[in-house]
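Heads up: the protein sequence lines correspond to chains L and F, in order.
1130 is the number of the first residue of the first sequence in my numbering; add one for each residue after it.
1130 is the number of the first residue of the second sequence in my numbering; add one for each residue after it.
Idealized CB from N, CA, C, for every residue including glycine.
Protein chains: 2
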Amino acid sequence: MLKIILMFPFTHYLRGEVMLKEHYLAWYRQFRNQLDAMRNVVIKKLSEKPRAIVISGMGGSGIVGDLYQVIALEKLDIPVFTIKDYALPKWVSKHDLVVPISYSGNTLETIECFKQALNVGAKVIAISSGGKLENLAKENNVPHVRVIKGLVPRVSLPSMFVALSKSLNMVLGENVVEVEEFEETIDLLEHGVDYVEVEEIASHVENTLPIIVGCIKYAPLAIRFKNELNENSKIPAKVEIVPEWGHNDIVGWEQPYFRKFSALILREKKAKDRKCIAILDYVTKYFEKSGVKTLTVEIKGESTVAQMLYGSLIAGLVSTELAYRRNIDPLETKSISEYKKYFATLF
Amino acid sequence: MLKIILMFPFTHYLRGEVMLKEHYLAWYRQFRNQLDAMRNVVIKKLSEKPRAIVISGMGGSGIVGDLYQVIALEKLDIPVFTIKDYALPKWVSKHDLVVPISYSGNTLETIECFKQALNVGAKVIAISSGGKLENLAKENNVPHVRVIKGLVPRVSLPSMFVALSKSLNMVLGENVVEVEEFEETIDLLEHGVDYVEVEEIASHVENTLPIIVGCIKYAPLAIRFKNELNENSKIPAKVEIVPEWGHNDIVGWEQPYFRKFSALILREKKAKDRKCIAILDYVTKYFEKSGVKTLTVEIKGESTVAQMLYGSLIAGLVSTELAYRRNIDPLETKSISEYKKYFATLF
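Next comes the structure, spelled out in structure tokens:
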């Protein structure tokens, strides 16, 4: 008994990085819990196919739309847009489906988009753990899907992802994300992570400005990686997407500028896209030649769904590990709270 | 006479930065010339409205789609997507309009998208100065619009922009971009630039890693600015878009990391969006507090069209000025040529 207390002394256990790490390592359970919760959710299939799907959200909630968009690109015959703003595009109409996602339910940008969607007569499904968005949805007779309460927004990604993809399956009347993909994801989140790799990635990034590189398919994952480094590790980062990288950013490294960059190359472990892999090889050699040290992060998973969630888990763990090494609380995001307070005065 | 020769000695005149600068300063003429050329172009109005417009292009050609997308957001009831890849999304169908743009007409990614568009039966309009894209368009009986030949792709932006917007006006049967907006743009390109400001921006950025910040509306302009700094000045840069910036990147600056960053804040001179301006004020104060020096770049112009082109001109001139100060040839983009050669082996 004493031994256990010594292994997890109370003060240490309360430290943000330990709490956050536990949350990330329990993602498989969170994912499964939300799947269970979705059994009680019924959303009617739309009588006609929407022209487009617009997913609106900010930060840790908005990224869920980005991840879903990539999955939809391979599977859906309807275009999906993600909006990270306080206004919907003018083209949104009654022919479109709008999905505002806000973990807290109180994100002002997302609430504005929700109101605008109602104004133009779009179909709407709202997703949150409660808050104003849930109340507004109920008042306006709009389907609302609840995600698991009491988490940090960026940690609740599995719950939000399951809520979004299951809701869209229902409303579209087709399994855009299939049962086997949900199952593969749970299995990978539970058994897929090698912590030695997490530490290796953290060491690579430490004391540098990280550049996260991926193909179009991994663009949302690269953005998620950057955001996790911002929020958990408190460091700035930069994202580059190929093949566009080869048409401009590549030239930025021709002449020595300033050092202390590092590159993380996100690569599909069971690579199907030969061109993507060949370009990533080129990026790796090019950066090394330009004095930017690179490291390949192999993304496990068969389905894109599993890859997106596995990659996000790695990003979460790496950024938490890095916070620990920098002696920084990964949980606290003081400046976002301050920004939100200021932003609220504009409405 | 001697005086003139001394002012423009032949060897100096041939230097890339002088040539490029002259090209940028002559944008108003290029813009007008393409408008004149468009008088001879006839494209039939589509019998039915497309579900979506997909503009495909890479680098200096692809950015034209991004700029157009922002203009369309305010004016068009059809969603516009830009694709910077060698594959179209799966959802593209005969209900959509695809516009492949490649200045040279030989960009492999864009040619792939062109072929895929034909395969799925989408409506297509191709834009290039010639090349393989023009030949393929003719062979397949697809409308092709020619832009002015013999320029560097990134310098031919006005020509490509006019070709795209005039073609879309025709094919949609409505003036998405109006005559007065074209005229305002020409006037602003000819008389709007203050070179003292260009030098001031270049000095601000010199010897730093620039972060270009803008609201959603200015996102393509921020990307263009980055690309011009990459290609002309040979320096890496980073883009941040508000309000999303306040939900993650902001935390990256909480703890000292490494210095020598600078921020350029793109701001509408005749600001209409109160929230955007208030957030940019916040970004400015926040960066200054975090040790990142900031400079506001005021974007002139009434219409979004004029703003996009004016902002792009400032980006072109600043990046050329910076190349001059770094003693670098802004015209040469050796690494893009090498990358393209490698990329060609993948097809």
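- From the beta-carbon of residue 1203 of chain L, the residues of chain F found nearer than 7 Å are 1219.
- Closer than 9 Å to the CB of residue 1373 of chain F there is at least one CB belonging to chain L.
- For residue 1211 of chain L, there are no C-beta contacts with chain F under 9 Å, since the nearest C-beta of that chain is about 10 Å from it.
- Excluding sequence positions up to five before and after residue 1273 of chain L, its CB lies within less than 6 Å of the CB of 1255, 1263, 1266, all in the same chain and listed in chain order.
- Under the three-state reduction of DSSP, residue 1168 of chain F is assigned to coil, being neither helix nor strand.
- In the structure shown, the three-state DSSP call for residue 1272 of chain L is coil.
- For residue 1331 of chain L, the three-state secondary structure derived from DSSP is helix.
- Close partners of residue 1454 of chain L in chain F (Cβ separation under 9 Å) are lacking, with about 12 Å as the shortest Cβ gap.
- For residue 1276 of chain L, no Cβ of chain F is located within less than 9 Å of the residue's own Cβ.
- Beta-carbon to beta-carbon, residue 1372 of chain L and residue 1408 of chain L are separated by about 6 Å, close enough to satisfy the 8 Å threshold.
- Rounded to whole angstroms, residue 1308 of chain L and residue 1471 of chain L show a C-alpha spacing of 43 Å.
- Per DSSP, reduced to three states, the secondary structure at residue 1397 of chain F is strand.
- Annotation: Cβ neighbours of residue 1180 of chain F in chain L (cutoff 7 Å, chain order): 1180.
- Between residue 1200 of chain F and residue 1281 of chain F, the gap from beta carbon to beta carbon reaches 9 Å or more.
- Per DSSP, the beta-bridge partners of residue 1339 of chain L are L:1391.
- In the pairwise beta carbon analysis, the segment 1427 to 1443 of chain F is classified as touching the segment 1346 to 1363 of chain F: at least three pairs are separated by under 8 Å.
- Looking from the CA of residue 1219 of chain L, the closest CA among F:1211, F:1311, F:1411, F:1205 belongs to F:1205.
- In the DSSP annotation of this structure, the continuous segment of the beta strand (DSSP E) that includes residue 1424 of chain F starts and ends at 1422 to 1428.
- Residue-level contact check: residue 1462 of chain L touches chain F, since one or more beta carbons of chain F fall below 9 Å from its beta carbon.
- Proximity to residue 1394 of chain L across L:1346, L:1289, L:1222, L:1176 peaks at L:1346, based on C-alpha coordinates.
- Rounded to whole angstroms, the separation of the alpha carbons of residue 1320 of chain L and residue 1469 of chain L is 37 Å.
- Partner residues in the beta bridge of residue 1369 of chain F, as assigned by DSSP, are F:1342.
- For residue 1460 of chain F, the three-state secondary structure derived from DSSP is coil.
- Contact between the segment 1163 to 1183 of chain F and the segment 1208 to 1227 of chain F is present, with at least three C-beta pairs closer than 8 Å.
- Its chain contains 1369 as the residues whose beta carbon lies nearer than 8 Å to that of residue 1378 of chain L, once the 5 sequence neighbours on both sides are disregarded; these appear in chain order.
- In the DSSP annotation of this structure, residue 1226 of chain F is not part of any alpha helix (DSSP H); the continuous beta strand (DSSP E) holding it starts and ends at 1226 to 1229.
- Less than 9 Å divides the Cβ of residue 1290 of chain F from the Cβ of residue 1197 of chain F.
- Secondary structure of residue 1452 of chain F (DSSP, three-state): helix.
- In this structure, residue 1163 of chain L sits away from residue 1322 of chain L, with a CB-CB distance that is not shorter than 9 Å.
- With a threshold of 9 Å between beta carbons, residue 1169 of chain L makes no contact with chain F.
- With respect to residue 1364 of chain F, residue 1412 of chain F sits apart: the two C-beta atoms are not nearer than 9 Å.
- Assignment of residue 1240 of chain L by DSSP, reduced to helix, strand and coil, places it in the helix class.
- Nearest C-alpha to residue 1419 of chain F among L:1193, L:1261, L:1464, L:1231: L:1464.
- Identification of chain F residues near residue 1472 of chain L by a Cβ-Cβ cut-off of 9 Å yields 1372, 1375, 1404, 1407, 1408, 1411, ordered along the chain.
- When rounded, the separation of the alpha-carbon atoms in residue 1224 of chain F and residue 1179 of chain L is 14 Å.
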